[in-house]
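Worksheet for the structure shown next.
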Amino acid sequence: MKKNIPSYYNNIDLILDEIWILLQRGVIDRNEDFRLPVVIVNSNGNADGRIVVLRGAFKDKNILRFHTDRRSPKVSFLKENKKIYFVFYNKKRKIQVRAEGISTIHYKNDITLQAWKNTQMISRKCYLSPQIPGDLINESASDLSKEMGENLPTLENSEVGYENFCVIESKIKSFEWLYLASQGHRRAKFNLDNNTKTWLVP
Ligand SMILES: Cc1cc2nc3c(=O)[nH]c(=O)nc-3n(C[C@H](O)[C@H](O)[C@H](O)COP(=O)(O)O)c2cc1C
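With numbering that gives the first Met the number 0 as the guide, the letters of the sequence shown map in order to residues 0 to 201.
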């Protein structure tokens, strides 16, 4: 039986739009695989990756956004070296996207204020730890008080988390696309700075 071949399979002009559709879906749809990219930064000369939640994908500005604790090691690394790298994979569609960018750390400005207002209690809870993320502790423990446990903070109690909240915006310079298909994979690269694109050997 002949498998369905997507329209972008042999048409590079359709791929960039498809990338942004998946990214924007990732921001709003919890079930979209692109919601949870791996983010890689340079940590003192070593590569260092982790998963984050994609919180913004702005096609008009080529910007991706995620939220984090400004005390976390990745923020220190990004202060040293703004280069950032994202890897996304949609299992059902068999699409991998790699994105190379330059990051900006937003802290206590209009962007963070707006983002914080829209941050749900379950997420605000992540910013309430008095301890610094990644610090050593002597026994297995959460970073939250025992009283907090599974409870959510009140709106008032959550506000202190804003002190630790920051938004990382990344201006994407290039995307690399890989589509896996039994009839032959497809790979393409998009340079967003000079608006060029090319097929690559998969
Ligand atoms: C599903 C999932 C979603 C996550 N989302 C975020 C996030 O949006 N922001 C964040 O800073 N960490 C997030 N984390 C935790 C990071 O992967 C990482 O463990 C943490 O940020 C510490 O990273 P660092 O020590 O490199 O700074 C998430 C982890 C998982 C498993």
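Cβ coordinates follow ideal geometry from the N, Cα and C atoms, glycine included.
From residue i to residue j, what distance separates their C-alpha atoms?
{"i": "Ile18", "j": "Ser173", "result": "12 Å"}
{"i": "Ile121", "j": "Leu77", "result": "26 Å"}
{"i": "Leu143", "j": "Trp115", "result": "19 Å"}
{"i": "Ile20", "j": "Lys124", "result": "30 Å"}
{"i": "Phe85", "j": "Gln95", "result": "10 Å"}
{"i": "Glu175", "j": "Glu99", "result": "9 Å"}
{"i": "His66", "j": "Ala180", "result": "34 Å"}
{"i": "Asp28", "j": "Tyr88", "result": "15 Å"}
{"i": "Thr195", "j": "Asp12", "result": "11 Å"}
Are the CB atoms of residue i and residue j nearer to each other than 8 Å?
{"i": "Leu191", "j": "Ile171", "result": "yes"}
{"i": "Arg69", "j": "Gly55", "result": "no"}
{"i": "Asn41", "j": "Lys73", "result": "no"}
{"i": "Ser157", "j": "Leu127", "result": "yes"}
{"i": "Val166", "j": "Thr111", "result": "yes"}
{"i": "Ile14", "j": "Ala187", "result": "yes"}
{"i": "Gly133", "j": "Ser71", "result": "yes"}
Between which residues of its own chain and residue i is the CB-CB distance below 7 Å, once the five residues before and five after are set aside?
{"i": "Lys90", "result": "Asp32"}
{"i": "Arg185", "result": "Tyr8, Tyr178, Pro201"}
If I measure Cβ to Cβ from residue i and keep anything under 6 Å in the same chain, skipping five residues before and after, which residues do I get?
{"i": "Met0", "result": "Because the pLDDT at Met0 is just 44, under 50, the model does not fix this residue reliably, and the value given afterwards should be weighed accordingly. Taken in chain order, the list of residues that qualify is empty."}
{"i": "Ser169", "result": "Leu63, Ile83, Gly100, Ser102"}
Mind reading off the beta-carbon distance from residue i to residue j? Whole number of angstroms is fine, and I expect it under 8 Å.
{"i": "Val52", "j": "Arg34", "result": "6 Å"}
Whose C-beta lies closer than 8 Å to the C-beta of residue i among residues of the same chain, with five residues either side of it excluded?
{"i": "Asp59", "result": "none"}
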